[in-house]
Each structure stands twice: as C-alpha cells, then as structure tokens.
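In what follows, a single structure is set out as structure tokens and then discussed.
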Amino acid sequence: DFGHSSELAFVVEPSDDIAVQEQPLILYCQVEGIQPITITWRKNGVMIMDSENAFMLANGSFYVSRFQRVRGDGSSDEGEYDCMAQNHYGLVVSRKAKIQAATMSDFHIHPQNAVVEEGGVARFQCQIHGLPEPVILWHKNSMPVNTDNERYTLLPKGVLQITGLRAEDSGIFHCVATNIANVKFSREARLTVSGSHSTVYKDPMILVGPENLTLTVHQTAVLECIATGNPRPIVSWSRLDGRPIGVEGIQVLGTGNLMISDLTVQHSGIYVCAANKPGTRVRRTAQGSLVVQAPAEFVQHPQSISRPVGTTAIFTCVAQGEPPPQITWLRNGQILETSDHIKLKNNNSTLSIYGINQTDEAIYQCLAENSAGSTQASARLTVLWADGLPSPPQAVRAETVSATTIQVSWEKPLQNTKEIIGYVLHIRKAADPVEMEYQEAVSKSTFQQLVTDLEPSTSYSFYIKAYTSRGASKASEVTVVSTLGEVPAMPSLFIKVINSTAVQATWEPSIKLGQHEGFKLYYRKVHLSQYTGPVLLASNVTAYNITHLDASVVYEVKLLAYNQHGDGDSTVRFVSLRETVERTVLNPPCDCMKDEQNNKTSTTGIIIGIHIGVTCIIFCILFLMFGYRGRLLMCKNVQEQLSTPQIPRSQRSAVLNGAARRDRDDRDLNGKQLDMNELERLFPGSPSQEQQDKGMTSAHSPPAPHNDTQISTLPLDEFSIIEEQPDPLPKRPRGGSSPAPAPDYGPTNEG
112 DFGHSSELAF VVEPSDDIAV QEQPLILYCQ VEGIQPITIT WRKNGVMIMD SENAFMLANG
172 SFYVSRFQRV RGDGSSDEGE YDCMAQNHYG LVVSRKAKIQ AATMSDFHIH PQNAVVEEGG
232 VARFQCQIHG LPEPVILWHK NSMPVNTDNE RYTLLPKGVL QITGLRAEDS GIFHCVATNI
292 ANVKFSREAR LTVSGSHSTV YKDPMILVGP ENLTLTVHQT AVLECIATGN PRPIVSWSRL
352 DGRPIGVEGI QVLGTGNLMI SDLTVQHSGI YVCAANKPGT RVRRTAQGSL VVQAPAEFVQ
412 HPQSISRPVG TTAIFTCVAQ GEPPPQITWL RNGQILETSD HIKLKNNNST LSIYGINQTD
472 EAIYQCLAEN SAGSTQASAR LTVLWADGLP SPPQAVRAET VSATTIQVSW EKPLQNTKEI
532 IGYVLHIRKA ADPVEMEYQE AVSKSTFQQL VTDLEPSTSY SFYIKAYTSR GASKASEVTV
592 VSTLGEVPAM PSLFIKVINS TAVQATWEPS IKLGQHEGFK LYYRKVHLSQ YTGPVLLASN
652 VTAYNITHLD ASVVYEVKLL AYNQHGDGDS TVRFVSLRET VERTVLNPPC DCMKDEQNNK
712 TSTTGIIIGI HIGVTCIIFC ILFLMFGYRG RLLMCKNVQE QLSTPQIPRS QRSAVLNGAA
772 RRDRDDRDLN GKQLDMNELE RLFPGSPSQE QQDKGMTSAH SPPAPHNDTQ ISTLPLDEFS
832 IIEEQPDPLP KRPRGGSSPA PAPDYGPTNE G
C-alpha cells in the first residue's frame, strides 16, 4: 500500500530517543520479506559488533544494557543508529534514529527580587537547559503556587506572572526544574507589594513581548505578552501578514499571553502583540516570529517495477516537509552514484536508469531528511530476460550525407533472428545526457535508416536493438559520427543611391544566417564579366558604400555570407545611377542669370517634348468625350487647304511652313520612338503658359495599333471636331466666338 518492495521492507523502524544514564535502551527494528533475511545495525555509519553491553535481540531489535554518555575509553552510546536488512533480492536501510543522553544543566537565569505597587504586575523568570525539556514549577514560601488563582499564570518556559497585585501576594518565590535526568532548585526571590493602587494616568507599556520560537508540528507554542498602564491596557494579537490567527487550538493565558496548541506549518509567521488604551487609539506593540518545522514525509513512494533488458526504468519519490527535505538514493544500502545511464533530476525526486541490464537489478531506496526528521521508502527493480532473444545487431555504420542528414546501416543479429519483429534505432547528440535520447522504429526487413533534421557540425551517437514479442536484444555497439558543416544562409540586401557616382549597400543581421565569419561584397558593370571584389566585411558590419561609379551604366551588386565551411548563396541586386543624373540635369541649383541665358539656347528640345506630352493628355480627354459620335479629325490635309482660293498668300506660306515643320517632326519621331511612360515620368508638369501661347504644328503619322499612336501638337484654339456629313459644309469650331474661313483649319502662328 505504501509502495514498499514486497520482497523486503521495514514494518517497524528505530525512532529518536533520549536515554538515561546507566539505564537500558532498546531500539526497535522489524522487517518482512522473503526469507532468509539478515539484520545488522550501524552507529554513525559503522557496523556494530555484538558485545556484552550491546547486542541484537532475536526479533532484530538492538539492546543496550547500561547506557553510557561517556565510557572509560572515551566512546559514547550517543549517536545515529540505523538498521539494515538483506536477502537475496537486495538490501534496505532504515531511517536514522538519533539517540541522546538525558541531561540537565544548572540554572542560567534565576528569579530576581521585585518591589511592585498594589494593582501592578509582577513577573519572575528562571531558565534551565535539559534533555528532555525540563518541567518548571513555582513555589511560594516553599509551597507550590496555587495555579487555580486566575491572577497567577505559569508559562512553559519558566515564567510566572502575577497581575492585579495585592498585599497577600508578597512572599519568597523559587522554581523547581524536573526531567528524567535530574531535579534542580533555583535561587529564591522576594516579592514586595507596596502602597495602595495609584490613580495617576500611565501610558500603555509592554513589559515583555513575544520571543522568537522554532518548534515542530503538533507541539504547543506560548507567545508571552505582558503590559502595564493606567487604566489597564487591553492586549490584542494579530499577524503581521494580515492573515487571521483563527480560533481552533488558540487560547489566551492570563491577561494577554497567546497559546497555540497542535502546531501546523500554517501557524508559522510573525505575531504582533498590541497594548491598547481603552477608548483611544493609543497603543504600543511588540512582535516575535514563530517557525514551525515539519519532519520529512512522502507524498509519493517509489513503486517496484519489472522491465526488460535494454529498456528504461523510472522511480519517482516525492517528499514534503519544512524545511524542504533533501532526497538521497541508495542502491542495496549504498549511496547511488550517477553515470551515463543512471540519472537523477527534479531535485533528486526522479531516478531514471537507461538501457538497463541484469546488473541493475536491486532494491532502490529513497531517503528524505530535514532538520525535523527523516524517512525512507524502498522499491525493487526486476530485470526481465527471456531465453532465445536475438543477439545484438552487427556491423553498425553511420555515414554523413549532408549538414542535416546521416545514413545509418547495420546487419541482422547472428543468433535467434526468426522472431524479430523490427529494429529500433537510438539517436542522441554525443554531448547530451542519456535522457535526451530518442528512437526511430524500423521494419524487420530494413537494414538502413536515413536520419534527417539533424544539426550541422554536430556529433551524434547511434546504436540498434532488435525487438521480438518477448523482449529486446542487447544494444549493438555505439557508433559516433558528425554532420557536415553548413554554410550561412542568403542575406537580405538593399541598395540605396547616394549620388551620381555612389551607392550604399545595406543588409540586415539575422539569426537565420547561422554561424558566419563575415560577408563578401562584389560589384560590376552589367556588360562586363569580371567583378570588382570580393570586399571582405566583418560579421557585425551591415552597410558598405560603393563609390567612383559610372553614371551612364547599370551595375550588379552581389553579397554573400561565409564561414569555415564555405560561401553561402549570394543575393544579387541591380542599380542604375541614370535617374540621379537626370534629376540633377532637370533640377540644377538655382542660378537665375545663368539659367536665363541657357534657356534661350538649350531648351528647344525639352519644349518640344513637353508639347508632345500635353498633346497626348488633351487627345485622351477629347477622345473620351466625343469618341462615341464618330471619327475624331485633328486637321484636314495640307493639300486641301492649299487648294482653297480664298486663302491669302501670307496664310498659304504659313501653312507650307507648317507642313514642312510637320515633315521634319515626322522624321524625328520615326527616328526615335518615345515611350509614353518615360515622358510622363521625366516631364510630370504641364507646359508653361508662354510655351502654350507660342503654339506648334505637326503632321499626323500613319495609322498605328492602339497605345502606339503618335500625335502631333496644336494649340487648343486651332483645331476643330468635324463629324462626317453628306454635305461637306464648314463647321463652327466648338467654343469659338466667330466662324472661321471654311477651308482653313491650319494654324495662324508657327510654333
């Protein structure tokens, strides 16, 4: 029921005791289990040999005929005793029993003479040490003090309190200390009660407050608090942490002493005594701490288990106490030493035995101990071994495939292979503890396994077991191999143009890069095959400026991270400085006088381009507005205009000049097709009012597919929308103020 091994366990264990000088002492020990069982005793860890004065009884208990605190040879019967029991299943050790001699010292505090006025408070104290704790009684005038008198309070630590003093309380007092070792008397002290009860006001005052106490559960604590004042103060108790003191087991002794019976760990805390003047908030306080210890006891006992060879056995032992107990494990009575396959964790609460074999079969004990006491529990490990199990797999080999993959192969066992149902591959980092091992199952017809998701540049150990329905084989030989090193991952790369001859390459540090020693930076002109570089950069560098570049070409920039295993994949970016140059040309620093001179001689081409862009915008707007009504006519053929007799010579000359200009513009447009997006990007603004006033003309290009139409520019007031009609009569221009000459749609001004 308590998790003890049924093959061998304690029924009765020795307990702590206080022995009397020259008196007999018996330490009890009773064991149950499979016979034959051998019982032996130890004192302070050393085997005890039977002697005339001390020997083991037939029931296993130990007997000391005449206990001696100090013998003639300097030895002592005091010490820590334990009982050991052994049979063919193993060995167990009992808890340690602490044996001390009963003693009593002289009084180190004696009662003192006192003179107290009537109605006051008198306090006498005597103090003495002894084992067991002496019982202290008080005598007045050589007679025991009448404890039925409610004004007389006797406290366990040798304190006598007398409240509401009267004249008849005067007398001679002394205390008597008694235990199994001795009886001793203190010196005498005289109490004198003087005068009558005073009516003079006195502030509350605490004569004696609570002292710090350390006790064990189930004992009784008395916290003293005695106060004086006029009027008589009211004494109250509280906890410093604000928790309620409770009522169960709580009693007030005399006028203010607090007694707590049957202590528990929850009673630990700081207690505050307050002396309050009745009807006011005037108060005085004193405080003392109470520490309640609890001997170690088990919350969970280890359980006996049976496990096949090669598997894992786990024992759990959970104990509680105050202070928290320390847990120690024994194997057949000897302190258990950890190793690669025996591990302790969770503050020694869990014992794990990996890859068990027949030598691990034993009785394992958990000892829990603190300053308040100790306890033990045992459990047995039975190792199962069936005849006819396979022998270990042979020729285990491991080969590195990549930075994260290893190929493991083996050959089948030499013996008892018919019942094999499969293999289990055991995998572990070589530097990890055994409990970090994990397994992969493999079918019985497979003799290799590809182990993936491993860490680069890491050593791994492998071994194989063959399994049958009755158990597993012993482990094969262990093989250790390392994965390949891994090159760093591809870094992120960003390019920022600084000016017309320089760019800045920046990248972000990332954990995904892995272990790397630094970066390599290359760059080149895209039409060249050879890179400039590498530029070696430290691992903490995240930016680099590339200067002295040619603004007329596109550059390729390449960045990669490297380590001792080689170069990682590179990140490539392309960058052009042409936009920076064009922005510089279009937006030079303002020099008004120089700009005015340059505008007269060097902006003709720019003005033509601006007019072309504006014409495109206007054409799109008009097309959307009037396209559903018919064909859109920009202007009529130049020859039709020249054939009209009403046109004056000067206007014909203007038309001819316009036609010649349009022919020239056609040649320019055919020579270089301007991309519409490029024009909009380069010249986002509208042309100046001055340029619009000048006006310009061009001939139409031949028909072209949608989105490739080439359009010449006319001033807004110099073209008309003409819808085809049966009668070719002249149309009034939209928005015009007066009719135009019927055949004349040409410009009146030359652009």
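Converting from the sequence shown to the numbering used here requires adding 111 to each position, the first position being numbered 1. Just so it is clear, CB atoms sit at the ideal spot from N, CA and C, and this is done for glycine as well.
- A residue is called buried once 16 or more other Cβ atoms fall within 10 Å of its Cβ, and residue 445, having fewer, is exposed.
- Pairwise C-beta distances place the region 385-397 out of contact with the region 466-476, as fewer than three of them are shorter than 8 angstroms.
- Annotation for residue 417: 493 and 495 place their beta carbon closer than 7 angstroms to its own, counting only its chain and skipping 5 residues before and after.
- Here residue 269 has 220, 236, 237, 238, 239, 247, 286 and 288 as same chain residues with Cβ atoms under 8 angstroms from its own Cβ, once five neighbours each way along the sequence are excluded.
- A Cβ-Cβ separation of about 39 angstroms leaves residue 244 out of contact with residue 306 under the 8 angstroms criterion.
- In the three-state scheme derived from DSSP, where H, G and I count as helix and E and B as strand, residue 343 is classed as coil.
- Taking 8 angstroms as the upper bound for CB-CB distance, residue 537 and residue 550 are in contact here, some 5 angstroms apart.
- Residue 483 places its beta carbon less than 8 angstroms from that of residue 404.
- By DSSP's assignment, residue 509 forms a beta bridge with 519.
- By the Cβ-count criterion, residue 647 is exposed, with fewer than 16 other Cβ atoms from all chains shown falling within 10 Å of its own Cβ.
- Across the set 130, 650 and 260, the C-alpha of 130 shows the shortest separation from the C-alpha of residue 212.
- Residue 517 is a Cβ neighbour of residue 509, given a cutoff of 8 angstroms.
- Secondary structure at residue 193: strand, using DSSP grouped into helix, strand and coil.
- Around residue 654, the same chain offers 615, 616, 617 and 618 as residues with beta carbons nearer than 8 angstroms, after the five sequence neighbours per side are excluded.
- The beta carbon of residue 193 sits closer than 6 angstroms to those of 153, 204, 205 and 207, all from its chain and outside the five residues before and after it, given in chain order.
- For residue 294, the three-state secondary structure derived from DSSP is strand.
- Of the candidates 199, 355 and 487, the residue whose Cα lies closest to the Cα of residue 122 is 487.
- Pairing residue 679 with residue 463, the inter-Cα distance amounts to about 43 angstroms.
- By alpha-carbon distance to residue 274, the top candidate from 227, 385 and 675 is 227.
- Counting C-beta atoms within 10 angstroms of its own C-beta, residue 290 has 16 or more neighbours from the protein chains shown and is therefore classed as buried.
- Between the alpha carbons of residue 431 and residue 406 lies a distance of about 8 angstroms.
- Looking from the CA of residue 388, the closest CA among 195, 512 and 342 belongs to 342.
- Judged by DSSP in its simplified three-state form, residue 428 adopts coil rather than helix or strand.
- Note on geometry: alpha-carbon atoms of residue 497 and residue 466 lie some 16 angstroms from one another.
- Residue pairing of residue 534 in beta bridges, as defined by DSSP: 553 and 577.
- Look at residue 469 here: in three-state DSSP terms it is helix.
- Rounded to the nearest angstrom, the gap between the Cα atoms of residue 683 and residue 524 is 55 angstroms.
- Residues of the same chain with a CB within less than 8 angstroms of the CB of residue 263, apart from the 5 flanking positions on each side, are 256, 257, 271, 272 and 273 in chain order.
- For the beta strand (DSSP E) assignment, the uninterrupted runs of no fewer than 3 residues enclosed by the region 126-177 are, from N- to C-terminal side, 128-130, 136-138, 141-144, 149-154, 165-167 and 173-175.
- Contact check for residue 568 and residue 541: beta-carbon distance about 12 angstroms, past the 8 angstroms limit, so the pair fails to qualify.
- Contact check for residue 574 against residue 555 fails: the beta carbons are separated by 8 angstroms or more.
- Measuring C-alpha to C-alpha distances from residue 641 to each of 628, 650, 657 and 667 identifies 667 as the nearest.
- Around the beta-carbon of residue 362, fewer than 16 other beta-carbon atoms lie within 10 Å, marking it exposed.
- For residue 486, the enclosing beta strand (DSSP E) begins and ends at 484-495.
- Where residue 370 is concerned, the enclosing beta strand (DSSP E) starts and stops at 368-371.
- Taking the Cα positions, residue 605 is about 39 angstroms away from residue 561.
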